[in-house]
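Asker: Okay, handing you the structure first.
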Amino acid sequence: MGNAILVVAEHDNSQLKGATLNTLQAAVELKAQGAGAIELLIAGQGSNAVVEQAAALPDVDRVLVADAGNLAHQLPEEVSSVVVNLLEGGDYGYLLAPATTNGKNLAPRVAALMDVAQVSDITEVVSADTFIRPIYAGNALAKVQSHDALKVVTVRTTAFAAVAETGGAVEATSVDAPAALGVSSFVGEELSVSERPELTSARIIISGGRGMQSGDNFPLLEAVADKIGAAVGASRAAVDSGFVSNDMQVGQTGKIVAPDLYIAVGISGAIQHLAGMKDSKVIVAINNDEEAPIFNVADFGLVADLFEALPELEKELG
Amino acid sequence: MKVLVAIKRVVDANVKVRVKADNSAVELANIKMAINPFCEIAIEEAIRLKEKGHASEVLVVSIGPDTCQEQLRTALALGADRALQIKAEDSPEPLAIAKLLKAVVDQEQPGLVILGKQSIDGDNNQTGQMLAALANMPQGTFASDVEIEGDSLQVTREIDGGLQKVSLKMPAVVTTDLRLNEPRYASLPNIMKAKRKPLETQTPEDLGIDISPRQTVLEVTPPPERAAGVKVGSVSELVEKLKNEAGVL
Ligand SMILES: Cc1cc2nc3c(=O)[nH]c(=O)nc-3n(C[C@H](O)[C@H](O)[C@H](O)COP(=O)(O)OP(=O)(O)OC[C@H]3O[C@@H](n4cnc5c(N)ncnc54)[C@H](O)[C@@H]3O)c2cc1C
Ligand SMILES: Cc1cc2nc3c(=O)[nH]c(=O)nc-3n(C[C@H](O)[C@H](O)[C@H](O)COP(=O)(O)OP(=O)(O)OC[C@H]3O[C@@H](n4cnc5c(N)ncnc54)[C@H](O)[C@@H]3O)c2cc1C
Chain R
83 MGNAILVVAE HDNSQLKGAT LNTLQAAVEL KAQGAGAIEL LIAGQGSNAV
133 VEQAAALPDV DRVLVADAGN LAHQLPEEVS SVVVNLLEGG DYGYLLAPAT
183 TNGKNLAPRV AALMDVAQVS DITEVVSADT FIRPIYAGNA LAKVQSHDAL
233 KVVTVRTTAF AAVAETGGAV EATSVDAPAA LGVSSFVGEE LSVSERPELT
283 SARIIISGGR GMQSGDNFPL LEAVADKIGA AVGASRAAVD SGFVSNDMQV
333 GQTGKIVAPD LYIAVGISGA IQHLAGMKDS KVIVAINNDE EAPIFNVADF
383 GLVADLFEAL PELEKELG
Chain C
457 MKVLVAIKRV VDANVKVRVK ADNSAVELAN IKMAINPFCE IAIEEAIRLK
507 EKGHASEVLV VSIGPDTCQE QLRTALALGA DRALQIKAED SPEPLAIAKL
557 LKAVVDQEQP GLVILGKQSI DGDNNQTGQM LAALANMPQG TFASDVEIEG
607 DSLQVTREID GGLQKVSLKM PAVVTTDLRL NEPRYASLPN IMKAKRKPLE
657 TQTPEDLGID ISPRQTVLEV TPPPERAAGV KVGSVSELVE KLKNEAGVL
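See below:
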């Protein structure tokens, strides 16, 4: 096994996602520790626009494109064959993927097929074989050394800055897409559509919890969000109660976020919620219980009824 | 069809763990332990499949020291038919666990294997995907709905953008997400009955699996503490501070 870094791109066939740029930063740091060339794999179908974006990334040494019908929905059973093919035929010391639902679905499957362990959700590259990763809902940080020749790693995107998007000019090479395994197929999807920024890349997030009482009250949050260009998130309780959809859940087992400003409204501050947002730069809590644990991590706490505070906040923001 | 469920004994979700003073690990002495919440959801799903007539038998497996028999007994009380402990000193790494589970799959030939999407201690989110790879099965990870239609499994998955539905040929691996179901509690009569249900033990050697680690945990440290904040008296004071003091608005 050699030393090159294979990075799996996060994309939807039409756009390269920001998570790729953060993952590439981890690759850049590994290269600085002695790893080899950075190669970016785009597995999909008809992803020309993504390939174009990828080719402009100055930190990428090679763009690899696997284009086939069975890769259209990036099902892990299919994509893992492409990746294993590359890893077996190449000179790789690393496989990196973002710790998104796509990356988490794919990377362990590849690792097992290659008979290597995986280091999940790293927040820091310590050296060529050593990484920091949070465990126990972020209440402890483990420094983990990998002894496998091929290191499979998923990257917590909020812990790494995005690499530059323009200035490069790499040629794309097409790679084999093995025949479909045919054990899984895509049936459909229900994607949330929103004009607001994506949770994981938003500069400001305002999240609602059980204190919101119903999904019908979320427009109170949305009105504030729209004044300040924020994304809207939620606690598990708000999702479980059906107020909002699952993709809005912030926390240990939902999305990890680290915006400049996180406003928690009607959220108590359970360990699992804190795990997803406590690395935000500035945290605001609005809660009518002054004992709520969320105040222990908040830079600014407002003890108030959210049904009064939110309309007032909207007005104050002009 | 047999359903295999893998469950892990973990620190109770309500406990905030502390790192040991020598930075070797987290302090686990005298701490409340429980079934990993995602594994509880896995057990519940398997039992419901049995109640609906899709499953003939539910087998639960846990890998760990004898203390994990407590969680296996709980699973039996919840409705599993048989339990298997694979003895291991510490919890092995996900790859080793997946290899052990693969050996159990070879022995038991389940039509479906259900795992949690992640354990709330290790937070690795790997084992189910690794097992699927090793057993050459399709995987329905982060499932919020599972329907059996003939020999295929329709799985609704919680993904970053919303929901995705896939169809998998069985045998298949499913990992549970929070919305899949709401686990039941064990009733007292069932807890008593569970004591008589079979709980078998095996060792990695019995299964011919090498579980030696591929990674070393060099150090475990506490995360940086956030400095204490302030309470503000009004919404206008809050906005003023966010604008002028924090500079984030
Ligand atoms: C395995 C597992 C995984 C989990 N993963 C996650 C996760 O990823 N993300 C997550 O968020 N949680 C997660 N949880 C759940 C977590 O433990 C808490 O149950 C959850 O975060 C609570 O949500 P909440 O704060 O909205 O609700 P509650 O704890 O019920 O808090 C509601 C708050 O609203 C306040 N409030 C009520 N009315 C008003 C009002 N009118 N004005 C102002 N304030 C008001 C109350 O004072 C209270 O503090 C997980 C739990 C488990 C076991
Ligand atoms: C040398 C060494 C040091 C370690 N140090 C630490 C440490 O400091 N901190 C720490 O947290 N962990 C440590 N571990 C433990 C270990 O890394 C994890 O507990 C283990 O890898 C399983 O990962 P996970 O549970 O996060 O897997 P996940 O992939 O998150 O688990 C998903 C699902 O897999 C199944 N599963 C997982 N484990 C088992 C099991 N034992 N039996 C049955 N089913 C299971 C369950 O269905 C679970 O829901 C150490 C291990 C070794 C070998």
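If you read the sequences in order, they're chains R and C. Each number in the numbering used here comes from the position in the first sequence (counting from 1) with 82 added on. Each number in the numbering used here comes from the position in the second sequence (counting from 1) with 456 added on. For every residue, glycine included, the Cβ atom is placed at its ideal position computed from N, Cα and C.
Cα separation between C:M457 and C:L636?
Answerer: As a working note, residue 457 of chain C is residue 1 in the second sequence. As a working note, residue 636 of chain C is residue 180 in the second sequence. Distance between the alpha carbons of C:M457 and C:L636 is about 20 Å.
Asker: Taking the alpha-carbon positions, what's the C:E675 to C:N479 distance?
Answerer: Position 219 of the second sequence, counting from 1, holds the residue named residue 675 of chain C. Position 23 of the second sequence, counting from 1, holds the residue named residue 479 of chain C. Spanning the two alpha carbons is a distance of roughly 6 Å.
Asker: Could you check if C:K464 belongs to the surroundings of ligand 2, using beta carbon to heavy atom distance under 7 Å?
Answerer: Walking along the second sequence from the start, residue 464 of chain C turns up at place 8. It does: the Cβ of C:K464 is within 7 Å (strictly closer) of some heavy atom of ligand 2.
Asker: From C:A469 to C:F494, what does the alpha carbon distance come to, in whole angstroms?
Answerer: Residue numbering aside, residue 469 of chain C sits at position 13 when the second sequence is read from its first letter. Residue numbering aside, residue 494 of chain C sits at position 38 when the second sequence is read from its first letter. Approximately 11 Å between the Cα atoms of the pair.
Asker: Would you identify the three-state DSSP class for R:D329, choosing helix, strand or coil?
Answerer: For the purposes of this step, residue 329 of chain R is taken as the residue at position 247 of the first sequence. Three-state DSSP puts R:D329 in a helix.
Asker: Mapping the DSSP letters down to three states, classify C:F598 as helix, strand or coil.
Answerer: By one-based count along the second sequence, residue 598 of chain C stands at place 142. Correct three-state label for C:F598: strand.
Asker: The region 576-589 of chain C: which residues have C-beta closer than 7 Å to a C-beta of chain R, in chain order?
Answerer: Correct list: I576, D577, G578, D579, N580, N581, Q582, Q585, M586, A588, A589.
Asker: Once you ignore the five residues that flank R:A367 on each side, which residues in its own chain have a CB closer than 6 Å to its CB?
Answerer: Taking the first residue of the first sequence as position 1, residue 367 of chain R is located at position 285. Once the five neighbours on either side are set aside, the close Cβ partners of R:A367 are A346, I376, F377, A380, G383.
Asker: Give the C-beta separation of R:V198 and R:L232 to the nearest angstrom, bearing in mind that I take them to be a contact with Cβ-Cβ under 8 Å.
Answerer: For the purposes of this step, residue 198 of chain R is identified with residue 116 of the first sequence, where counting begins at 1. For the purposes of this step, residue 232 of chain R is identified with residue 150 of the first sequence, where counting begins at 1. Confirmed, about 5 Å.
Asker: Kindly list, in the order they appear in chain C, the residues whose Cβ is closer than 7 Å to that of R:E398.
Answerer: What you label residue 398 of chain R is simply residue 316 of the first sequence in a count that begins at 1. Under the 7 Å cutoff, chain C gives V691, S692, V695.
Asker: Is it true that the CB of R:L392 sits closer than 8 Å to the CB of R:V306?
Answerer: Position 224 of the first sequence, counted from the first residue, corresponds to residue 306 of chain R. Position 310 of the first sequence, counted from the first residue, corresponds to residue 392 of chain R. Yes.
Asker: Near C:L552, what residues of its chain come up, given a Cβ to Cβ distance below 6 Å and the 5 sequence neighbours on each side ignored?
Answerer: Translated into the one-based positions of the second sequence, residue 552 of chain C becomes position 96. The amino acid at residue 552 of chain C is misidentified as Leu; the sequence shows Ala. Cβ within range, chain order: I667.
Asker: Does ligand 1 have a heavy atom nearer than 7 Å to the CB of R:S350?
Answerer: Along the first sequence, one-based indexing puts residue 350 of chain R at 268. Answer for R:S350: yes, Cβ within range of ligand 1.
Asker: Could you have a look at R:N130 and say whether DSSP puts it in helix, strand or coil?
Answerer: Within the first sequence, residue 130 of chain R is the residue found at index 48, counting from 1. Residue state, collapsed to three classes: helix.
Asker: Label C:T723 either buried or exposed according to how many other C-beta atoms from any shown protein chain fall within 10 Å of its C-beta, with 16 as the threshold for buried.
Answerer: Since the first residue of chain C shown is 457 and the last is 705, residue 723 of chain C is not available in this structure.
Asker: Pick helix, strand or coil for C:L644, following the three-state DSSP scheme.
Answerer: On the second sequence, position 188 is the one that residue 644 of chain C refers to. Correct three-state label for C:L644: helix.
Asker: Can you find a heavy atom of ligand 2 that lies under 7 Å from the Cβ of C:T583?
Answerer: Translated into the one-based positions of the second sequence, residue 583 of chain C becomes position 127. Result yes, Cβ under 7 Å from ligand 2.
Asker: To the nearest angstrom, report how far apart R:T240 and C:K508 are at their CA atoms.
Answerer: Looking up residue 240 of chain R in the first sequence gives position 158. Looking up residue 508 of chain C in the second sequence gives position 52. About 43 Å.
Asker: Do three or more CB pairs link the region 487-503 of chain C to the region 684-699 of chain C at distances below 8 Å?
Answerer: Judged by Cβ distances under 8 Å, the region 487-503 of chain C makes no contact with the region 684-699 of chain C, as fewer than three pairs qualify.
Asker: Following the continuous beta strand (DSSP E) through C:K543, name the residue where it begins and the one where it ends.
Answerer: On the second sequence, position 87 is the one that residue 543 of chain C refers to. Taken as a continuous stretch (DSSP letters only), the beta strand (DSSP E) holding C:K543 covers 538-543.
Asker: In whole angstroms, what separates the C-alpha of C:T621 from that of R:A148?
Answerer: For the purposes of this step, residue 621 of chain C is taken as the residue at position 165 of the second sequence. For the purposes of this step, residue 148 of chain R is taken as the residue at position 66 of the first sequence. This sequence places Lys at residue 621 of chain C; Thr is not what is there. Those two C-alpha atoms are separated by around 23 Å.
Asker: Determine which residues of the region 608-622 of chain C have a Cβ less than 8 Å from any Cβ of chain R, and write them out in chain order.
Answerer: Against chain R - using a Cβ distance shorter than 8 Å - the residues of the region 608-622 of chain C are Q610, R613, E614, I615, D616, G617, G618, L619, Q620, K621, V622.
Asker: Which of helix, strand or coil does DSSP assign to C:M457?
Answerer: Translated into the one-based positions of the second sequence, residue 457 of chain C becomes position 1. In this structure, C:M457 counts as coil in the three-state DSSP scheme.
Asker: Just to confirm, is the Cβ distance from R:S202 to C:Q595 under 8 Å?
Answerer: Residue numbering aside, residue 202 of chain R sits at position 120 when the first sequence is read from its first letter. Residue numbering aside, residue 595 of chain C sits at position 139 when the second sequence is read from its first letter. Against a cut-off of 8 Å, the Cβ pair of C:Q595 and R:S202 comes out as no contact.
Asker: Looking only at DSSP bridge pairs, what is R:I287 linked to?
Answerer: Counting from one through the first sequence, the residue named residue 287 of chain R turns up at place 205. Answer is R:A313, R:Y344.
Asker: Which same chain residues end up closer than 6 Å to R:V90 when comparing Cβ atoms and leaving out the 5 residues on each side of it in sequence?
Answerer: As a first step, residue 90 of chain R must be located in the first sequence, where it is residue number 8. Answer for R:V90: L123, A179, listed in chain order.
Asker: Compare the C-alpha of C:A481 against each of R:F242, R:D298, R:N221 and name the closest.
Answerer: Locating residue 481 of chain C in the second sequence gives position 25, counting from the first residue. Considering only alpha carbons, the answer is R:N221.
Asker: Which residues of chain R have a Cβ atom closer than 8 Å to the Cβ of C:K565, listed in chain order?
Answerer: Here residue 565 of chain C corresponds to residue number 109 of the second sequence, with the count starting at 1. Residue identity check: residue 565 of chain C is Gln in the sequence provided, not Lys. Under the 8 Å cutoff, chain R gives no residues; its nearest Cβ is about 17 Å from C:Q565.
Asker: Can you find a CB in chain C that lies within less than 8 Å of the CB of R:G351?
Answerer: For this step, residue 351 of chain R is matched to residue 269 along the first sequence. No, R:G351 lies away from the interface with chain C (no Cβ there is under 8 Å from its Cβ).
Asker: Going by the CB atoms, is the gap between R:M330 and R:V314 shorter than 8 Å?
Answerer: Counting from 1 along the first sequence, the entry for residue 314 of chain R is found at position 232. Counting from 1 along the first sequence, the entry for residue 330 of chain R is found at position 248. Yes; because the gap between Cβ atoms is below 8 Å, this pair is in contact.
Asker: Quick check: R:A312 and R:A284, are their CB atoms within less than 8 Å of each other?
Answerer: Numbered from 1 along the first sequence, position 230 holds the residue referred to as residue 312 of chain R. Numbered from 1 along the first sequence, position 202 holds the residue referred to as residue 284 of chain R. Going by C-beta atoms, R:A312 is nearer than 8 Å to R:A284.
Asker: Once you ignore the five residues that flank R:G358 on each side, which residues in its own chain have a CB closer than 7 Å to its CB?
Answerer: Position 276 of the first sequence, counting from 1, holds the residue named residue 358 of chain R. Cβ neighbours of R:G358 beyond the five flanking positions: V332, G333, Q334, G336, K337, I338, V339.
Asker: Closer than 8 Å, CB to CB, is R:Y218 near chain C or not?
Answerer: Residue mapping note: residue 218 of chain R aligns to position 136 of the first sequence, counting from 1. True, the Cβ-Cβ gap to chain C drops below 8 Å.
Asker: By the 10 Å Cβ neighbour count, where 16 or more other Cβ atoms means buried, how is C:K472 classified, buried or exposed?
Answerer: For the purposes of this step, residue 472 of chain C is identified with residue 16 of the second sequence, where counting begins at 1. With fewer than 16 Cβ atoms within 10 Å of its Cβ, C:K472 is classed as exposed.
Asker: Report the option in C:S643, C:V517, C:T612 whose CA atom is closest to the CA atom of R:E272.
Answerer: Taking the first sequence and counting its residues from 1, the one referred to as residue 272 of chain R is at position 190. Residue C:T612 is the option with its Cα nearest to R:E272.
Asker: Tell me whether C:V527 counts as near ligand 1, meaning its Cβ is closer than 7 Å to at least one heavy atom of that ligand.
Answerer: On the second sequence, position 71 is the one that residue 527 of chain C refers to. With the sequence shown as reference, residue 527 of chain C is identified as Gln, and Val is not the correct amino acid for it. Outside the cutoff, so no.
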